[in-house]
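J.:
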Amino acid sequence: YDPLIQDTTRQRAAIERDIEAGLEEDWFEAYFQPIVDLSSDRVVGYEALLRLEHPTKGTLPPGNIIKVAEETGAITRIGNRILEKALANLVSISKATKDDEAYIAINFSPLQFDQTLPIRLAALSSRYGIAPQRLVIEITEATLLHDNPQIRTILDEFNRFGCRVALDDFGTGYSSLSYLNRFPVDIVKIDQSFIRSLSVEEPELQHKSRMLVEGITAISHKMECSVVAEGVETEEQRDILRQFGVDRGQGYLFARPQPVSQLIKTMTEKQNRRRNSVA
Ligand code: C2E
Ligand code: CA
Ligand code: CA
Numbered sequence: 006y007d008p009l010i011q012d013t014t015r016q017r018a019a020i021e022r023d024i025e026a027g028l029e030e031d032w033f034e035a036y037f038q039p040i041v042d043l044s045s046d047r048v049v050g051y052e053a054l055l056r057l058e059h060p061t062k063g064t065l066p067p068g069n070i071i072k073v074a075e076e077t078g079a080i081t082r083i084g085n086r087i088l089e090k091a092l093a094n095l096v097s098i099s100k101a102t103k104d105d106e107a108y109i110a111i112n113f114s115p116l117q118f119d120q121t122l123p124i125r126l127a128a129l130s131s132r133y134g135i136a137p138q139r140l141v142i143e144i145t146e147a148t149l150l151h152d153n154p155q156i157r158t159i160l161d162e163f164n165r166f167g168c169r170v171a172l173d174d175f176g177t178g179y180s181s182l183s184y185l186n187r188f189p190v191d192i193v194k195i196d197q198s199f200i201r202s203l204s205v206e207e208p209e210l211q212h213k214s215r216m217l218v219e220g221i222t223a224i225s226h227k228m229e230c231s232v233v234a235e236g237v238e239t240e241e242q243r244d245i246l247r248q249f250g251v252d253r254g255q256g257y258l259f260a261r262p263q264p265v266s267q268l269i270k271t272m273t274e275k276q277n278r279r280r281n282s283v284a
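The sequence shown begins at 6 in this note's numbering and counts up one residue at a time.
1. Measure the Cβ-Cβ separation of residue 139 and residue 109 and say whether it is below 8 Å.
2. Under DSSP, the alpha helix (DSSP H) around residue 67 begins and ends at which residues?
3. With 8 Å as the threshold, decide whether the Cβ of residue 95 is near any Cβ in chain C.
4. Between the alpha carbons of residue 177 and residue 147, how many angstroms are there, rounded?
5. With DSSP as the reference, label residue 128 as helix, strand or coil.
6. Pull up the distance between the alpha-carbon of residue 124 and that of residue 160, whole angstroms please.
7. Along the chain, which unbroken stretches of the beta strand (DSSP E) at least 3 residues long are found entirely within the segment 29-114?
8. Take the Cβ of residue 45 as the centre, count every other Cβ of all protein chains shown within 10 Å, and call the residue buried at 16 or more, exposed below.
9. Determine whether the beta carbon atoms of residue 218 and residue 193 lie at a separation below 8 Å.
10. Measuring only the C-alpha atoms, how far is residue 27 from residue 19?
11. Output the residue ranges of the beta strand (DSSP E) runs that lie fully inside the segment 137-183 and measure 3 residues or longer, sorted by chain position.
12. With DSSP as the reference, identify every bridge partner of residue 254, one or two as the case may be.
13. Out of 23, 38 and 14, which has the shortest C-alpha to C-alpha gap to residue 267?
14. If we count Cβ pairs, one from each stretch, closer than 8 Å, do we get three or more for the segment 166-175 versus the segment 189-205?
15. Tell me whether residue 283 sits in a helix, a strand or coil according to DSSP, three-state version.
16. Report all residues from its chain with a CB closer than 8 Å to the CB of residue 157; omit the five preceding and five following residues, and keep chain order.
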């Protein structure tokens with residue numbers, strides 16, 4: 006008898022129940038976090054981030070849900086749900102902000118990469134009237150790890166179809182650079198840990214992380230990838246990133262992940278204020 010094991014078993018069972026109920030009762034939501042062009046400060050895209058809006062527990066973050074769902078196989082159903090929500094949300098926010106160019110970046114687990122994914126994405130994007138150029142598939146090195154030829158084929162199909170592929174959490178894995186070489190990647194997302202250490206007190210860490218971010222940006226650009234910095238929280242970080250030529254930023258400095266209705270409200274209010282001050 007181990008109370009600790011019993012505890013985690015119980016927690017896991019609760020998450021499994023929340024997942025099933027969430028799918029049944031439609032509690033899954035795709036929150037949006039804006040992605041901002043660093044040279045113009047304009048919102049050029051959004052990342053869809055899973056939340057489970059539980060009627061009594063409140064809004065649950067994705068971490069544990071995804072871990073459990075990957076083990077039970079529920080990730081496919083959750084992924085499809087988030088995909089639909091993300092596209093529907095993109096349609097609403099594009100209409101409200103009168104912007105039919107902003108892209109939507111969606112996270113995919115390795116287990117969601119089955120051969121039917123490209124064709125399903127193609128069908129969905131045409132059903133929602135979203136140009137494939139506005140879809141970004143975010144993957145991590147876990148998807149590329151085994152150099153699986155099937156994964157390669159799927160990525161090539163995305164590319165042929167006009168979608169872009171972003172490599173998430175860049176710099177944290179084992180051989181990030183070699184993935185740029187071997188796979189059709191269009192966007193590099195520099196991991197938050199590097200952005201955080203740009204402005205730490207410790208001079209050596211600060212210096213080294215600045216060199217790394219500058220270097221990753223230069224290499225990515227040479228490989229014809231654009232660069233997004235994740236976890237931008239301060240103006241100082243943003244200014245450094247700008248100076249290094251990083252293309253886009255995402256983080257609490259600009260906006261938190263939030264329900265799309267809320268984001269529409271703040272974005273259209275801002276647009277109206279700008280319009281009034283010009284008039
Ligand atoms: P990620 O793809 O690296 O997403 C970025 C995470 O950083 C998000 O956490 C976001 O809320 C958080 N973040 C954004 N800006 C800031 C900032 O300025 N400071 C800090 N400290 N954090 C920031 P979140 O929403 O908890 O998501 C965690 C992870 O769960 C994601 O990491 C992604 O790997 C996974 N995930 C989220 N949604 C989905 C989904 O629909 N499908 C799959 N397969 N995975 C998802
Ligand atoms: Ca991501
Ligand atoms: Ca990330």
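Where a beta carbon is used, it is the ideal one built from N, C-alpha and C, also for glycine. Just so you know, these numbers come straight off a predicted model, no measurement behind them.
T.: Based on what the coordinates show:
1. One-based indexing of the sequence shown puts residue 139 at position 134. One-based indexing of the sequence shown puts residue 109 at position 104. Taking 8 Å as the Cβ cut-off, residue 139 and residue 109 qualify as a contacting pair.
2. If you number the sequence shown from 1, residue 67 lands on position 62. Unbroken alpha helix (DSSP H) run through residue 67: 67-77.
3. Checking the listed chains, one finds no chain C in this structure; it contains a single protein chain.
4. Taking the first residue of the sequence shown as position 1, residue 177 is located at position 172. Taking the first residue of the sequence shown as position 1, residue 147 is located at position 142. Looking at the two C-alpha atoms, the distance is approximately 11 Å.
5. Along the sequence shown, read from residue 1 onward, the residue named residue 128 stands at position 123. Residue state, collapsed to three classes: helix.
6. Position 119 of the sequence shown, counting from 1, holds the residue named residue 124. Position 155 of the sequence shown, counting from 1, holds the residue named residue 160. Their Cα atoms are separated by approximately 12 Å.
7. 33-42, 48-59, 63-65 and 108-112
8. As a position in the sequence shown, residue 45 is number 40, starting the count at 1. Exposed is the call here.
9. Sequence index remark: in the sequence shown, residue 218 carries index 213 (1-based). Sequence index remark: in the sequence shown, residue 193 carries index 188 (1-based). Cβ atoms of residue 218 and residue 193: not closer than 8 Å.
10. The residue given as residue 27 occupies position 22 in the sequence shown. The residue given as residue 19 occupies position 14 in the sequence shown. C-alpha separation (whole angstroms): 12 Å.
11. 140-144 and 169-175
12. Position 249 of the sequence shown, counting from 1, holds the residue named residue 254. Residue 254 pairs with 41 and 234.
13. Locating residue 267 in the sequence shown gives position 262, where the first residue counts as 1. The shortest C-alpha separation from residue 267 is found at 38.
14. yes
15. Taking the first residue of the sequence shown as 1, we reach residue 283 at position 278. The answer is helix: DSSP assigns residue 283 an H, G or I state.
16. If you number the sequence shown from 1, residue 157 lands on position 152. Hits under 8 Å: 188.
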